[in-house]
Amino acid sequence: MIHIGEIDYLNTYPIYYYLKKNILDNPEINFLEFVPGTPAFLNRELQCGNVDISPSSSFYYILNYESSYIFSDLSVSSKKRVKSIYLFSPIPIEDFKDDETIYVTPETLTSLNLLKVL
Numbered sequence: 015m016i017h018i019g020e021i022d023y024l025n026t027y028p029i030y031y032y033l034k035k036n037i038l039d040n041p042e043i044n045f046l047e048f049v050p051g052t053p054a055f056l057n058r059e060l061q062c063g064n065v066d067i068s069p070s071s072s073f074y075y076i077l078n079y080e081s082s083y084i085f086s087d088l089s090v091s092s093k094k095r096v097k098s099i100y101l102f103s104p105i106p107i108e109d110f111k112d113d114e115t116i117y118v119t120p121e122t123l124t125s126l127n128l129l130k131v132l
């Protein structure tokens with residue numbers, strides 16, 4: 015069985031739509047299983063070997079580039095601003111102190127590490 019990580023986000027919908035359409039319509043292909051999850055969950059499953067192929071975050075790739083493969087013609091990317099990640103605070107970012115608490119979603123690895131850069 016080949017396990018394929020599946021992120022249920024709008025920006026990955028086209029990939030899974032065509033993949034499932036071509037797979038699920040073919041009764042001879044019965045060796046694939048989709049594993050749904052958040053990007054962070056699928057990163058961990060990929061690292062542990064529970065998922066064979068999956069979209070992964072850019073930060074996951076940085077940490078695991080030696081054991082990862084990039085499909086150069088297939089990505090979720092943009093040449094312009096996407097504006098999908100926001101930081102809301104009543105405190106201006108330049109006034110943050112080192113001990114400020116910032117709550118983040120557990121769904122992401124890249125956003126968490128980009129926040130550390132800020």
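So this note's numbering is basically just the index in the sequence shown, starting at one, shifted up by 14.
By construction, the Cβ of each residue, glycine as well, lies at the ideal position given by its N, Cα and C atoms.
Given SER82 as reference, the closest of VAL96, VAL65 and SER91 once Cα atoms are compared: Taking the sequence shown and counting its residues from 1, the one referred to as residue 82 is at position 68. The alpha carbon of SER82 has as its nearest neighbour, out of VAL96, VAL65 and SER91, the alpha carbon of VAL65.
According to DSSP, residues forming a beta bridge with LEU46: One-based indexing of the sequence shown puts residue 46 at position 32. DSSP output for LEU46 lists ILE16 as bridge partner(s).
Rounded Cβ spacing between LEU135 and ILE16 (contact assumed at less than 8 Å): Any property of residue 135 remains undetermined from this structure, which presents the chain solely from 15 to 132.
Buried versus exposed, by CB contacts within 10 Å (16 or more), TYR98: The residue given as residue 98 occupies position 84 in the sequence shown. Here the sequence assigns Ser to residue 98, which means Tyr is not the residue at that position. By the 10 Å Cβ count, SER98 comes out exposed.
Endpoints, the alpha helix (DSSP H) within which TYR32 is located: Against the sequence shown, residue 32 aligns to sequence position 18. For TYR32, the enclosing alpha helix (DSSP H) stretches over residues 27-38.
Residue from ILE105, GLU121 and THR122 whose Cα sits closest to the Cα of GLU114: If you number the sequence shown from 1, residue 114 lands on position 100. Cα-wise, what sits closest to GLU114 is ILE105.
Cβ-Cβ distance between LEU56 and SER68 below 8 Å: Position 42 of the sequence shown holds residue 56. Position 54 of the sequence shown holds residue 68. In this structure, LEU56 sits near SER68, with a CB-CB distance shorter than 8 Å.
Contact check, LEU123 vs TYR79, beta carbons under 8 Å: Position 109 of the sequence shown holds residue 123. Position 65 of the sequence shown holds residue 79. Contact: no.
Chain-order list of residues whose beta-carbon lies under 6 Å from that of ILE43 (same chain, five-residue window excluded): For this step, residue 43 is matched to residue 29 along the sequence shown. The beta carbon of ILE43 is closer than 6 Å to those of ILE37 in its chain, skipping five residues each way along the sequence.
Beta-carbon spacing of TYR32, GLU20 below 8 Å: The sequence position of residue 32 within the sequence shown is 18, counting from 1. The sequence position of residue 20 within the sequence shown is 6, counting from 1. No. Outside cutoff.
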